[in-house]
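Chemist: Have a look at this one.
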Amino acid sequence: MGLSLTKAAHWTSSGTGKLEFTPMNESLLKEILCFVEQFSSQHPQEAEHVFEAPLQWSTTLVASDFKTDYDISDLDVQSHEKDSEGHPLLQLSPPTLNVRSFSQLSKLVRLADDKKLEEVRACLEENRDAVVKILGPCFGNILEREDAHTDELRLVDEDQVKDSDVKVKLFRLLQNMDKQLLSKLLEEISEQVRLDPTAVKNDMELLKRFCSEGEKRVLKSVRYTSDYEFANGCHAPLWRQLHGEICYLVIEPCDTEDLYITCSTTGVFLNGGIKHEGAESGYERTSDMYKDLVTLLKSRSPYFAENINKQDFAVELPSTQRIQHVESVDMEEQGQSQRSYEQQEKNVHDKARQQHTLNKAGGEKKYEPCPRWKNLGLMSPCCKAEEKKSGKSSGEERSAEIKRKKPGQGAKSKMKAEFSVSSIHGRLSSHKIKTPAGAMPVELSSESSLESEEEEEQSERRPENDTDLPSEYWQIQKLVKYLKGGDQTATVLTLCAMMDFNLMQETCQLAIRDVGGLEVLINLLDTDEVKCKIGSLKILRKISHNVQIRQTIVDMEGLQSIVRILDSPVMELKALAAETIANVARFHRARRTVRHYGGIKKLVKLLDCVPNLANLTATQEKDVEVARCGALALWSCSKSTKNKEAIHKAGGIPLLGRLLKSPHENMLIPVVGTLQECASEESYRIAIHTEGMIKDLVKNLSSDNDELQMHCASAIFKCAEDKETRDLVRKYKGLQPLVSLLGKADNKQLLAAATGAIWKCSISVENVAKFQEYKALEILVGLLTDQPEEVLVNVVGALGEFAQIPAGKAIIHKCGGIKPLVNLLAGTNQALLVNVTKAVGACATDKANMSIIDQLDGVRLVWSLLKNPSADVQSSAAWALCPCIENAKDAGEMVRSLVGGLELIVNLLKSTNNEVLASICAAIAKIAKDKENLAVLTDHGVVPLLAKLTNTTDDRLRRHLAEAIGHCCMWGSNRAAFGEAGAVAPLVRYLKSKDNTVHQSTAMALYQLSKDPNNCITMHEKGVVKPLIHIMGSNEEMLQEAAAGCVRNIRLLAVANRKARLFY
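Quick note on the numbering used here: the sequence shown kicks off at 19 and runs consecutively.
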């Protein structure tokens, strides 16, 4: 919220308007939202600090969005919490909202629910000086400076700043957050780098050589505006790096005035005059964009351009200036002339796609670079110069030069630089970087996605020298050259010849790409010749198994052409296209492209066939094969959440359900794979249940194919969240096959899926009984050691469910499962820790098991998990402590032996997570049964913290909170303290709850509180007597006694008051 907001964020209207809707801004807002949400729980002291001035903005929230902890009057809302002057820390007068502390901000964003990002955006837009309002001008000015240092805090006059210690801590937190924001945003945009710091540095070293005295001098001086170099090699300040800028240079030519140059990831350009480090202006672009420094200098300095082209300097030019176009070499090797690049450039806009054809008039082949490569700027300047020359001698010279420049150690081949995807993200080989109309810019996806990126841009592994390349590499390159120049018949024959090679071998795949074969193959997809399309797709289907190849296909817009083929009437074409999409769509940018161009609907249509007939006609067999390939493609695409929704909307679920009845494994694997991928969505789980697919999934658990079994088990794992599904798995006798899969312990993926399915199915007690018949528990205990975490999470989760019944606890004890469970408490995997604590807590309800847990120091390990940053781990650990404390031999002494344990418990009452609060209250209720521990809890301030929570509307928290208050009343003046803290009146409202367990714990708490006269008065004023009299009619004896005791105490006080008035 310092530099990240003022300089890294993108604002409309020259920085004075609203935040633009850009991917960088969205990322920035999400990080700030996460920071604010977690601030209250991670920094409770700083969260209570009252801002110097309130943050004020126009909100979309209304009074009905606010629940507890607020006073609501018609449309206005005020928080119970107030500052020292009595002003509420949160005040809503629609539509204006004022907030004065981070604790209120944290609560607000949780209340906002799906509007939280919108609220953060509005807050930042209307509070551009947010840091000044939070900390005051003296702190805010330091934070918003680019060169801010923490040492400058000593300059702040502590006498003029209230709560200076808290402000300093808060300042440092905001400063660290600001740095993290800048670093994260920098990492995101670094993936889009085309020109990199290393390339700029190399060019600078080269140019410095031209500054020497003598005949070779073509420049007077070259220098950076700042000599400081960041770890990533950039010289530009962080906030400018976010805009893709690498460094700023001042170059003094021999014949013109000084040039002030910005080097950025997209190229180099002249700026407004950045002369020194720390300049605040002059960053704007004042010239065209150039691909590198040499090109810019040539255009600006005639003297430099004239001398740099001399023979003395030619050998020193950057390598990008000497890239030869492979196609021109090919033509000269055949002794053929070619048109100049200028003539090609003249005609390229008139023809969208040029295919190589014979010039009938002259009998010569005429070649033109493909428009797609031109649009990407992949024609080198040298190509233009060389193409102007003609004759055999020049052709021989270029051929010789190409041979000298074959791939060598530590360098990429020139052919790769010309045709590879890396060159697209590298320096573009055109004088000025321009994007023609209709061309898709080559850039990373800006679409936000929750899915993880399966494939990263991989560095290419190349042989150390050309002698390591097999003969197939050069043979394929020759075939690609023939493919570029042949007619229809030659093209088909060449494609057939290429398919004779092992195209699954990486060398062959990259050979096609390096010489521009991918471009030709993709161009063939847009021809009208079916044979050419089939041959091209057969090759693309194989080579697209390579990560770099499929990324290049997407970059070259080849996926759009493949999607269009799905509408073809030719069955073989549709099948090949779908199978190719299945290979390419393994990263999210490709999956998004398929969806954007209507590929999901087209793929779903391919599923419409009759796969389960005994005798199929030839046409039906083709339909089934097309459906199989369509299912493969949907499987790859279904890893995207948006694609799952698209498949559902396109009517894919019933068609997948029909294909699930197929007897063929090669059909079932992609179908079940797609279903299990989509089953993470609730709508799919409901559909799988209603479409009757559970029976088929259970049936295929008995298949001989491990992969099919794994996908079926995984689908059941995800679907068994619902009770109806668990009952159906039992009904169709799927529990025993799941247990039998545990015998395949060597297949970890299958084991993880099977244990996961068993875990979810064992949530139903009826299924646990069946599992015990099949000896599942004994096998699961044996899997507690030497297994990967994804298996352990499921195994321990299942044990936690089995341990809910006494027989399960006994078997775990008998099989020696307690010790490995306790050992797992020392892990770091949060999902595993949640399940382990649950299992240990369930086992601890048995006194024999509890004694083993105590001996193994398990209670201390569970208690230490309360420090875990995950709220799920904290709550699970607190719930586990309850049976441990209740069943320990000397629970009071055990708790006291844990140094700092009680203070940790009390501090967690400041959490904002209701599940954590409920579990901590339950633990306090158990701890407070020991008087000495209760005294320590009181000293740590448990009473006001419990009282502060009483306004909650969460019945689960109410139940355990009331129970904790009831037990904490047993010490000293705690009863009166609860009354003074305002805990009595909210407790009376608990009696209106529909949950009987809340009534029971509340009645017990009110009974204890009623032993203080002032509390009786408060209860009577709030109308507690009538609901208590109603509760006295309950069938539960403890509830009756507590209610009657409370009424009795109120009545005794009333009688005493009456006597006092009569006799005194």
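Where a beta carbon is used, it is the ideal one built from N, C-alpha and C, also for glycine.
1. Tell me which same chain residues have a C-beta within less than 8 angstroms of the C-beta of Val68, skipping the five on either side of it?
2. Taking just the CA atoms, how far does Val533 sit from Val644?
3. From Pro1031 to Gly910, what does the alpha carbon distance come to, in whole angstroms?
4. Rank Val240, Lys185, Ala249 by C-alpha distance to the C-alpha of Thr216 and give the top, closest one.
5. Could you please give the first and the last residue of the uninterrupted alpha helix (DSSP H) stretch that includes Cys514?
6. In or out: Thr18 buried (at least 16 other Cβ within 10 Å) or exposed?
7. I'd like the span of the beta strand (DSSP E) that includes Glu70, first residue to last.
8. Which of the three DSSP states is assigned to Thr863 in this structure?
9. What are the partner residues of Cys281, as DSSP defines its beta bridges?
10. Contact defined as beta carbons within less than 8 angstroms: I believe Val602 pairs with Lys549. What is the distance between those atoms, to the nearest angstrom?
11. Kindly give me the distance between the Cβ atoms of Gly752 and Leu798, rounded to whole angstroms, as I take these residues to be in contact under 8 angstroms.
12. Name the residue from Lys151, Gln122, Glu547 whose alpha carbon lies nearest to the alpha carbon of Ile583.
13. How would you call Tyr308, buried or exposed, if buried means at least 16 neighbouring beta carbons within 10 angstroms?
14. Check the DSSP bridge columns for Pro271 and list the partner residues they point to.
15. Spatial neighbours of Tyr792 within its chain, please: CB distance less than 6 angstroms, with the 5 preceding and 5 following residues excluded, ordered by chain position.
16. By DSSP, does Pro320 sit in helix, in strand, or in coil?
17. Compare the beta carbon distance of Ile599 and Ala664 with 8 angstroms and say whether it is the shorter of the two.
18. Considering only their Cβ atoms, is the gap separating Val814 from Gln848 smaller than 8 angstroms?
19. To the nearest angstrom, report how far apart Ala965 and Val1042 are at their CA atoms.
20. Only counting the same chain, and skipping five residues up and downstream in sequence, which positions put a Cβ closer than 7 angstroms to that of Ser1028?
21. Using alpha carbons as the reference points, say which of Gln56, Arg139, Pro72 lies closest to Thr40.
22. Among residues of its own chain, excluding the 5 on either side of Asn325, which ones have a beta-carbon nearer than 6 angstroms to its beta-carbon?
23. State yes or no: is the C-beta of Leu726 within less than 8 angstroms of the C-beta of Gly670?
24. The alpha helix (DSSP H) spanning Tyr16 covers which residue range?
25. Could you tell me which residues DSSP puts in a beta bridge with Tyr242?
26. Helix, strand or coil for Tyr1008, going by three-state DSSP, please let me know.
27. Would you mind working out which of Glu933, Gln1018, Ala81, Leu591 sits nearest Leu93, comparing C-alpha positions?
28. On a CA-only basis, which of Gln694, Arg703, Ser721, Cys900 is nearest Glu683? Give me that one, please.
29. Tell me, to the nearest whole angstrom, how far the beta carbon of Leu497 is from that of Ala515; I am working on the premise that it is less than 8 angstroms.
30. Contact check, Val961 vs Phe996 under 8 angstroms by CB: the rounded distance?
31. Starting from Thr86, follow the beta strand (DSSP E) in both directions and report where the run begins and ends.
32. Label Gln566 either buried or exposed according to how many other C-beta atoms from any shown protein chain fall within 10 Å of its C-beta, with 16 as the threshold for buried.
33. Determine, using beta carbons only, whether Leu577 and Thr545 come nearer to each other than 8 angstroms.
34. Name the residue from Lys788, Pro806, Ile552, Leu851 whose alpha carbon lies nearest to the alpha carbon of Phe820.
35. Among Asn931, His958, Thr930, which has the Cα closest to the Cα of Ile942?
36. According to DSSP, is Lys187 helix, strand or coil?
Modeler: The short version:
1. Translated into positions along the sequence shown, residue 68 becomes position 50. Once the five neighbours on either side are set aside, the close Cβ partners of Val68 are Asp101, Ser102, Leu107, Arg118, Ser119.
2. Sequence index remark: in the sequence shown, residue 644 carries index 626 (1-based). Sequence index remark: in the sequence shown, residue 533 carries index 515 (1-based). Rounded to the nearest angstrom, the two C-alpha atoms are 32 angstroms apart.
3. Indexing the sequence shown from 1 puts residue 1031 at position 1013. Indexing the sequence shown from 1 puts residue 910 at position 892. Near 31 angstroms, if we compare the C-alpha coordinates of Gly910 and Pro1031.
4. The sequence position of residue 216 within the sequence shown is 198, counting from 1. For Thr216, the nearest C-alpha among the options comes from Ala249.
5. In the sequence shown, the residue the question calls residue 514 occupies position 496. Counting along the chain, Cys514 sits inside the alpha helix (DSSP H) bounded by residues 506 to 517.
6. What the structure shows of the chain is the stretch from 19 to 1082, and residue 18 is not part of that stretch, so it cannot be assessed.
7. Reading the sequence shown from its first residue, position 52 is the one you call residue 70. Counting along the chain, the beta strand (DSSP E) containing Glu70 begins and ends at 68 to 76.
8. Locating residue 863 in the sequence shown gives position 845, where the first residue counts as 1. In the structure shown, Thr863 sits in coil (DSSP, three-state: anything other than H, G, I, E or B).
9. Walking along the sequence shown from the start, residue 281 turns up at place 263. Beta-bridge pairing links Cys281 to Cys265, Val286.
10. By 1-based counting over the sequence shown, the position of residue 602 is 584. By 1-based counting over the sequence shown, the position of residue 549 is 531. In this structure, Val602 and Lys549 do not form a Cβ contact; the two beta carbons are roughly 22 angstroms apart against a cut-off of 8 angstroms.
11. Taking the first residue of the sequence shown as 1, we reach residue 752 at position 734. Taking the first residue of the sequence shown as 1, we reach residue 798 at position 780. Contact doesn't hold; Cβ gap of about 17 angstroms is too wide.
12. Indexing the sequence shown from 1 puts residue 583 at position 565. Taking each of Lys151, Gln122, Glu547 in turn and checking the Cα distance to Ile583, the smallest one comes out for Glu547.
13. Numbered from 1 along the sequence shown, position 290 holds the residue referred to as residue 308. Sixteen is the threshold: when 16 or more other Cβ atoms of the shown chains lie within 10 Å of the Cβ of Tyr308, as they do, the residue is buried.
14. Counted from its first residue, the sequence shown places residue 271 at position 253. The bridge partners DSSP lists for Pro271 are Leu237.
15. Residue numbering aside, residue 792 sits at position 774 when the sequence shown is read from its first letter. Excluding positions up to five away in sequence, the list reads Gln754, Val757.
16. Counting from 1 along the sequence shown, the entry for residue 320 is found at position 302. Helix at Pro320.
17. As a position in the sequence shown, residue 599 is number 581, starting the count at 1. As a position in the sequence shown, residue 664 is number 646, starting the count at 1. Judged by beta-carbon spacing, Ala664 lies beyond the 8 angstroms limit of Ile599, meaning their Cβ atoms are not closer than that value.
18. The count along the sequence shown starts at 1 and reaches residue 848 at position 830. The count along the sequence shown starts at 1 and reaches residue 814 at position 796. No. Outside cutoff.
19. Sequence index remark: in the sequence shown, residue 965 carries index 947 (1-based). Sequence index remark: in the sequence shown, residue 1042 carries index 1024 (1-based). A straight line joining the alpha-carbon of Ala965 with that of Val1042 spans about 18 angstroms.
20. In the sequence shown, the residue the question calls residue 1028 occupies position 1010. If you ignore the 5 residues before and after Ser1028, its C-beta comes within less than 7 angstroms of the C-beta of Cys1034, Met1037, Cys1064, Asn1067, Ile1068, all in its own chain and listed in chain order.
21. Residue 40 sits at position 22 when you count from the first residue of the sequence shown. Nearest of Gln56, Arg139, Pro72 to Thr40, Cα basis: Arg139.
22. Translated into positions along the sequence shown, residue 325 becomes position 307. The residues are Val236.
23. To locate residue 726, count along the sequence shown from 1; it is residue 708. To locate residue 670, count along the sequence shown from 1; it is residue 652. Judged by beta-carbon spacing, Gly670 lies beyond the 8 angstroms limit of Leu726, meaning their Cβ atoms are not closer than that value.
24. Because the chain is modelled from 19 through 1082, residue 16 falls outside the range shown and cannot be assessed.
25. Counting from one through the sequence shown, the residue named residue 242 turns up at place 224. Its beta-bridge partners are Leu267.
26. By 1-based counting over the sequence shown, the position of residue 1008 is 990. For Tyr1008, the three-state secondary structure derived from DSSP is helix.
27. Counting from 1 along the sequence shown, the entry for residue 93 is found at position 75. Cα-wise, what sits closest to Leu93 is Ala81.
28. The residue given as residue 683 occupies position 665 in the sequence shown. Minimum Cα distance to Glu683 is reached at Ser721.
29. Position 479 of the sequence shown, counting from 1, holds the residue named residue 497. Position 497 of the sequence shown, counting from 1, holds the residue named residue 515. Sure, about 6 angstroms apart at Cβ, within 8 angstroms.
30. Here residue 961 refers to the residue found at position 943 of the sequence shown. Here residue 996 refers to the residue found at position 978 of the sequence shown. Contact between Val961 and Phe996 holds: their C-beta atoms lie close to 6 angstroms from each other, under 8 angstroms.
31. Here residue 86 refers to the residue found at position 68 of the sequence shown. From DSSP, Thr86 is part of no beta strand (DSSP E); its letter is neither H nor E.
32. Here residue 566 refers to the residue found at position 548 of the sequence shown. The residue in question, Gln566, is buried, as its Cβ has 16 or more Cβ neighbours within 10 Å.
33. Locating residue 577 in the sequence shown gives position 559, counting from the first residue. Locating residue 545 in the sequence shown gives position 527, counting from the first residue. No, the pair does not count as a contact, with Cβ atoms beyond the cut-off.
34. Translated into the one-based positions of the sequence shown, residue 820 becomes position 802. Each of Lys788, Pro806, Ile552, Leu851 was checked against the Cα of Phe820, and the nearest Cα belongs to Lys788.
35. In the sequence shown, the residue the question calls residue 942 occupies position 924. Closest option to Ile942, judged by alpha-carbon separation, among Asn931, His958, Thr930: His958.
36. Reading the sequence shown from its first residue, position 169 is the one you call residue 187. Helix at Lys187.
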